[in-house]
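Taking it in order: structure first as structure tokens, then the write-up.
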DNA sequence: AGGCAATACTG
DNA sequence: CAGTAT
DNA sequence: GCCT
């Protein structure tokens with residue numbers, strides 16, 4: 008539609024389409040198979056422009072997201088999916104309108120003509136042609152193009168503005184920042200902001216990890232969790248973090264059904280994109296990105312590879328780029344570190360969950376061996392075991408002794424490891440302290456018997472004085488820990504596995520400039536106290 | 001635009 | 001040091 | 001992903 012080449016972005020799109028084998032024509036003929044309309048062009052305008060009364064059978068009319076998705080997913084995605092529909096498109100076979108179940112309360116723009124009813128309500132309002140996209144003057148075309156495609160992909164198809172009666176917003180399909188309605192954050196917190204600014208930290212609230220089917224948002228939560236799973240498996244830690252936070256607030260607001268954009272975006276941790284996703288889930292009962300992500304074979308392989316101990320996102324991507332598709336491929340052809348080699352060898356073992364009872368057995372074996380080395384050294388099983396989990400991903404064991412320092416305990420650790428290897432309990436080491444003051448040992452252990460799976464086991468050396476901080480750290484869960492640490496740093500303190508420190512001087516970006524002075528390290532509860540966090544037993548530290 | 005926890009081990 | 005793990 |  009209206010292929011004016013002076014818009015660099017559109018030109019790039021056209022070129023990209025051609026690159027992928029499309030034939031682009033500027034005049035309508037019977038060779039046309041798809042009509043791609045700019046985002047803010049309405050169906051009737053297309054008819055007008057083409058001087059047709061209806062689009063012939065078999066010709067797809069889509070918005071620019073469609074070619075973008077095709078490239079993205081490496082196949083021709085269904086142009087009839089509602090994401091790709093042009094506003095005002097005749098809803099032939101009951102094309103669900105994304106917002107029909109989610110009436111927007113009080114549109115901002117003042118107009119209230121929602122396209123929730125059939126297209127008749129969508130009168131063509133002759134609009135000015137799309138505004139010029141202020142092109143970024145820098146960068147090569149390729150970069151700008153990639154950005155444009157990315158934008159197209161990430162811009163949610165439900166253009167709220169269209170539905171709110173955009174007065175004339177200068178929005179184009181790029182620039183997600185142009186979201187006109189910024190949060191009302193500041194206004195809501197005038198009097199009580201000082202008091203509850205810290206209540207946003209997850210460590211302030213009790214969680215048990217139990218899901219609440221009563222929550223009216225359970226379906227939304229379920230889908231968002233799946234999406235988070237995918238980002239997590241792709242090691243996209245920041246997106247994962249955002250999803251986790253958003254899901255968490257959704258869980259806590261278990262009295263209201265969040266169904267509109269306005270409702271959603273007013274929640275802390277829910278921004279423009281997640282709000283749109285929530286609306287999408289509520290109105291369509293699914294999430295398109297999720298469905299494609301589930302299918303994308305590249306992601307599947309990436310997930311497979313990054314599941315290997317010692318293989319992170321970077322390595323996994325390299326393996327995929329190298330064309331490997333199976334663990335066998337990698338084992339044979341790739342250059343691996345020793346831990347990675349073991350990681351592949353024991354891939355299925357390490358993926359298995361460990362029953363709580365077995366964790367205990369491993370702990371007992373360690374504990375028993377320890378007694379023959381030094382009576383006074385204690386071992387404690389930490390991690391999800393301490394949180395009461397029915398099964399665990401690995402086994403975390405703290406070695407400590409009243410009054411002992413790292414060096415003394417490190418010696419004990421070495422003896423212990425040797426002894427346990429002799430007993431055929433330990434099967435391999437994966438990451439072992441280099442120095443005498445090393446504090447951790449990662450490896451694998453196995454119960455008696457050939458068929459038993461190898462288990463990931465970690466030993467952690469903890470001086471007697473630091474036992475409280477260490478307990479806190481190694482009990483987790485990770486989210487809880489990060490939350491506690493973030494809170495500490497916002498209060499001018501620093502929390503790590505050794506203790507809680509004050510007077511930490513931080514430069515810009517919260518960069519740590521000095522160590523600070525120790526406040527507490529031996530008593531777990533006191534650390535909670537000093538931070539002003541209500542104490543929570545391990546089983547309530549699941550965020 | 002840049003942070004989002006903080007630290008230890010590998011190669 | 002970058003990458004990985006906790 | 002969101003927030004400052």
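Numbering (the numbering used here), first residue to last: 8 to 550. The C-beta atom is built at its ideal place from N, Cα and C for all residues, glycine as well.
Exposed or buried, residue i, counting other C-beta atoms within 10 Å across all chains shown (16 or more means buried)?
i: residue 364; result: exposed
i: residue 163; result: Unreliable positioning characterises residue 163 in this predicted model, as indicated by a pLDDT of 26, which lies under 50. The coordinate reading is nonetheless provided below. By the 10 Å Cβ count, residue 163 comes out buried.
i: residue 302; result: exposed
i: residue 69; result: buried
i: residue 245; result: exposed
i: residue 6; result: Any property of residue 6 remains undetermined from this structure, which presents the chain solely from 8 to 550.
i: residue 442; result: exposed
i: residue 521; result: exposed
i: residue 549; result: buried
i: residue 431; result: exposed
i: residue 330; result: exposed
i: residue 304; result: exposed
i: residue 206; result: exposed
i: residue 289; result: buried
i: residue 139; result: Low confidence applies to residue 139: its pLDDT is 27, below 50, so where it sits in the model is not reliable enough to give any reading.
i: residue 396; result: buried
i: residue 545; result: buried
i: residue 408; result: buried
Going by DSSP, what residues sit across from residue i in a beta bridge?
i: residue 433; result: 452
i: residue 524; result: 509
i: residue 398; result: 362
i: residue 502; result: 507
i: residue 381; result: In DSSP, residue 381 forms no bridge with anything.
i: residue 387; result: 405
i: residue 447; result: 467
i: residue 227; result: Answer by DSSP bridge pairing: none, since residue 227 is not bridged.
i: residue 43; result: 69
i: residue 537; result: Per DSSP, none; premise fails for residue 537.
i: residue 548; result: 214
Residue i and residue j: beta carbons closer than 8 Å?
i: residue 467; j: residue 427; result: no
i: residue 534; j: residue 476; result: yes
i: residue 256; j: residue 278; result: no
i: residue 384; j: residue 366; result: no
i: residue 237; j: residue 306; result: yes
i: residue 542; j: residue 525; result: no
i: residue 268; j: residue 284; result: no
i: residue 43; j: residue 66; result: no
i: residue 437; j: residue 349; result: yes
i: residue 232; j: residue 265; result: no
i: residue 528; j: residue 472; result: yes
i: residue 462; j: residue 351; result: no
i: residue 319; j: residue 242; result: yes
i: residue 390; j: residue 450; result: no
i: residue 296; j: residue 234; result: yes
Stretch pair the segment 327-341 + the segment 359-375: three plus CB contacts closer than 8 Å: Result no; under three Cβ-Cβ pairs closer than 8 Å.
Any 3 or more C-beta pairs closer than 8 Å across the segment 479-492 and the segment 444-464: With fewer than three CB-CB distances shorter than 8 Å, the segment 479-492 does not count as touching the segment 444-464.
Identify every run of the beta strand (DSSP E) within the segment 456-484, keeping only runs that are complete inside it and at least 3 residues long; order them along the chain. Runs found: 462-470.
Count Cβ pairs between the segment 347-363 and the segment 390-401 that sit closer than 8 Å; are there 3 or more? The answer is yes - the segment 390-401 touches the segment 347-363, with three or more Cβ pairs under 8 Å.
Is the segment 223-240 in contact with the segment 257-274, if contact means three or more CB pairs nearer than 8 Å? With three or more CB-CB distances shorter than 8 Å, the segment 223-240 counts as touching the segment 257-274.
Taking the runs of the beta strand (DSSP E) that are 3 residues or longer, which of them lie wholly in the segment 261-329? Whole beta strand (DSSP E) segments, 3+ residues: zero.
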